[in-house]
Amino acid sequence: MTDKILILKGDGIGPEIVNEAIKVLEVVKSKFNLDMQTTEGLIGGAAYDETGSPFPDESLKQAQEADAILLGAVGGPKWEKLDRALTPERGLLAIRSNLELFANLRPAMLYPQLAGATSLKEEIVSGLDIMIVRELTGGIYFGQPRGIRTLENGEREGFNTYVYSESEVRRIAHVAFQAAQKRDKRVCSVDKANVLEATVLWREVMEEVAKEYPDVELSHMYVDNASMQLVRAPKQFDVVVTGNMFGDILSDTAAMLTGSIGMLPSASLDKNNKGMYEPIHGSAPDIAGKGIANPLATILSVAMMYRYSFNRSDVAEAIEKAVGDVLDQGYRTADIKGDAGKTVSTVEMGDAVVAALSK
Ligand code: NAD
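Numbers 139 to 497, taken from this note's numbering, label the letters of the sequence shown in order.
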């Protein structure tokens with residue numbers, strides 16, 4: 139069966155970094171004899187400029203027909219003053235919700251070669267490899283009722299609703315346990331079950347789903363402790379699964395443990411493991427067009443695509459190994475340049491990964 143991949147380059151550095159990932163796709167296609175078909179579509183400011191919408195119907199149709207989507211990044215000062223509904227970032231929210239991409243997987247891994255780039259002590263983060271699984275389409279960010287109201291005494295009150303149905307917890311639990319099966323087989327579920335009833339249910343459902351994965355060990359941690367443990371001893375974690383808001387915060391903390399925003403990929407999956415794969419960083423307008431952006435997060439997003447949507451860990455591992463090899467060889471884009479290494483451009487970094495993969 140042909141793997142259909144939709145490519146959405148987006149704005150700012152998006153086209154520059156995605157072009158390097160396309161080169162990697164072409165190499166793995168021939169190296170592993172993959173049956174793959176790529177098409178390109180529009181999203182974000184680029185889509186707005188061409189069609190008047192940040193996520194036009196044609197892009198939705200292409201996304202629905204694809205098995206996986208590779209996205210660069212969206213946004214930039216050019217589109218900041220548009221009506222909220224027309225901003226590039228709205229295009230991103232639209233594709234996530236239209237495709238029901240409820241599971242956000244964000245690995246935080248630190249290549250040992252880059253240990254100097256983190257703000258933590260090297261021995262605490264060196265070799266770090268954790269996976270945050272964040273529920274993306276539910277919880278307090280979407281719960282109703284919500285709003286700001288004026289009480290009888292004239293005082294204003296803001297309110298939101300933290301709500302999770304059993305089925306929402308169940309489906310994110312399955313994603314976490316299955317991710318753990320491909321890793322070190324440990325899941326830590328993060329909640330606030332000592333205070334919030336919604337997370338008491340979350341914990342109960344996690345326990346129920348765990349019975350279906352006897353090979354995976356489940357533990358629980360309160361979110362306040364988890365935030366502390368992430369900076370105290372992050373290597374204790376394998377997979378961390380949590381709700382939308384806790385995941386939003388913890389995944390940023392985990393990302394910063396590695397000190398390099400240009401290195402981190404992500405996946406957002408639906409219930410059939412169809413996914414959208416993108417670097418965690420934005421469109422970096424400050425360096426767009428200069429040819430210095432780091433393409434490795436986008437290239438590593440391709441590796442995630444092969445692991446999670448196409449079930450080809452061998453392809454994923456080859457890409458990840460090639461990235462490790464180029465770092466070993468001393469190639470560094472400006473964002474990850476420490477004392478060592480030779481500074482290379484976006485294209486040179488892509489070429490180096492292609493060369494390592496082609497060996
Ligand atoms: P950003 O991630 O784009 O940039 C933050 C800093 O990191 C900048 O200094 C940038 O130069 C640097 N940086 C980011 N990616 C890099 C890379 N690959 N190589 C080297 N350096 C890199 O965040 P921001 O500046 O807050 O946002 C810029 C625009 O991106 C905004 O319009 C924002 O809305 C949008 N954004 C989009 C996404 C997305 O598409 N998923 C995510 C975050 C922000």
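All C-beta atoms, glycine included, are put in the ideal place defined by N, C-alpha and C.
Keep in mind that this is a model prediction, so the values were computed, not measured.
Around Ala-441, the same chain offers Ala-454, Ile-457 and Glu-458 as residues with beta carbons nearer than 6 Å, after the five sequence neighbours per side are excluded.
Within the stretch 163–221, the runs of beta strand (DSSP E) that reach at least 3 residues and sit entirely inside it are, in chain order, 174–179 and 206–211.
When the beta-carbon positions are compared, Arg-321 and Val-377 come within less than 8 Å of each other. Per DSSP, the continuous beta strand (DSSP E) segment holding Met-269 begins and ends at 267–273. Contact check between the stretch 417–424 and the stretch 306–316: fewer than three CB pairs, one atom from each, fall below 8 Å, which does not count as touching.
Burial check for Arg-272: the Cβ neighbour count within 10 Å reaches 16 or more, so the residue is buried.
Contact between the stretch 146–156 and the stretch 180–188 is present, with at least three C-beta pairs closer than 8 Å.
Taking all protein chains shown into account, Ser-389 has 16 or more neighbouring C-beta atoms within 10 Å of its C-beta and is therefore buried.
Taking the C-beta atoms as reference points, Ala-159 is found no nearer than 8 Å to Leu-220.
Sequence-distant Cβ neighbours of Trp-217 in its own chain, meaning closer than 7 Å and more than five residues away, are Gly-183, Tyr-186, Thr-225 and Pro-226. For Ser-483, the shortest separation between its Cβ and any heavy atom of the ligand NAD does not lie below 7 Å. Of the other Cβ atoms in all chains shown, 16 or more fall within 10 Å of the Cβ of Leu-239; this residue is therefore buried. Check the Cα spacing between Asp-329 and each of Ala-490, Ser-303 and Ala-364: the tightest is with Ala-364. Beta bridge pairing from DSSP links Ile-145 with Glu-178 and Leu-208. Between the alpha carbons of Ser-483 and Lys-475 lies a distance of about 12 Å. Inclusion of Asn-432 in the 7 Å shell around the ligand NAD follows from its C-beta lying nearer than that to a non-hydrogen atom of the ligand. Set against 7 Å, the gap from the CB of Thr-471 to the closest heavy atom of the ligand NAD is smaller. Ala-246 is bridged by DSSP to Ile-268.
Pairwise C-beta distances place the stretch 351–359 out of contact with the stretch 290–300, as fewer than three of them are shorter than 8 Å. Judged by beta-carbon spacing, Pro-433 lies beyond the 8 Å limit of Tyr-415, meaning their Cβ atoms are not closer than that value. In the DSSP assignment, the residues bridged to Val-325 are Leu-356 and Val-377. Between the stretch 192–208 and the stretch 486–495 there are fewer than three C-beta pairs closer than 8 Å, too few to call the two in contact.
Within the same chain, Cβ atoms closer than 7 Å to the Cβ of Phe-375 are found at Ile-268 and Cys-326, the five residues on either side in sequence being excluded.
For Tyr-415, no alpha helix (DSSP H) segment is defined; the enclosing uninterrupted segment is the beta strand (DSSP E) at 413–417. CA-to-CA, the gap between Met-401 and Gly-254 works out to about 14 Å.
Short note on Gly-385: C-beta not closer than 7 Å to any heavy atom of the ligand NAD. As computed with DSSP, Gly-296 is found in a beta bridge with Ile-286.
The bridge partners DSSP lists for Arg-309 come to none. In this structure, the beta-carbon distance from Gly-276 to Asn-382 falls below 8 Å.
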